[in-house]
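Residue numbers (our numbering): 28 to 143.
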Ligand SMILES: [Zn+2]
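Right, dumping it as structure tokens:
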């Protein structure tokens with residue numbers, strides 16, 4: 028009788044059976060594969076999160092630097108709308124980056140709850 032090797036678990040079964048009977052191993056291996064791809068996806072998210080933290084640091088640094096330059100300019104040359112503009116864009120950038128990191132944290136929490 029012809030033996031067929033199962034593509035999922037590697038178990039050999041008779042052709043007459045039609046399909047592999049070793050289904051317990053199937054779900055186990057599929058689960059492992061699923062959690063593997065899931066953690067791979069999460070590691071990408073974590074990288075983005077770290078990147079967002081660095082961007083927040085960089086944005087703060089640039090903002091402080093431009094503010095220092097602004098107050099170095101003689102008072103008669105200062106255009107206060109520039110300071111307001113940079114402050115608004117700074118707050119906007121920081122808050123959106125902060126929200127982004129919070130969303131990632133939320134996704135992790137959600138995935139953790141689903142897993143349990
Ligand atoms: Zn099988």
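Yeah, the Cβ is synthetic: ideal placement off N, Cα and C, and Gly gets one too.
C-beta atoms of residue i and residue j nearer than 7 Å
i	j	result
residue 120	residue 76	no
residue 90	residue 125	no
Other residues of its chain near residue i: CB distance less than 6 Å, five sequence neighbours each side excluded
i	result
residue 28	41
residue 113	93
residue 110	97
residue 49	36, 38
Own chain partners of residue i with C-beta closer than 8 Å, once the 5 adjacent residues on each side are dropped
i	result
residue 52	35, 36, 38
Cβ-heavy atom distance, residue i to ligand 1, below 6 Å
i	result
residue 47	yes
residue 51	no
residue 126	no
residue 35	yes
Can you confirm whether the region 64-71 touches the region 81-91 when touching is taken to mean that 3 or more C-beta pairs between the two stretches lie within less than 8 Å? Because the criterion of three Cβ pairs below 8 Å is not met, the region 81-91 and the region 64-71 do not touch.
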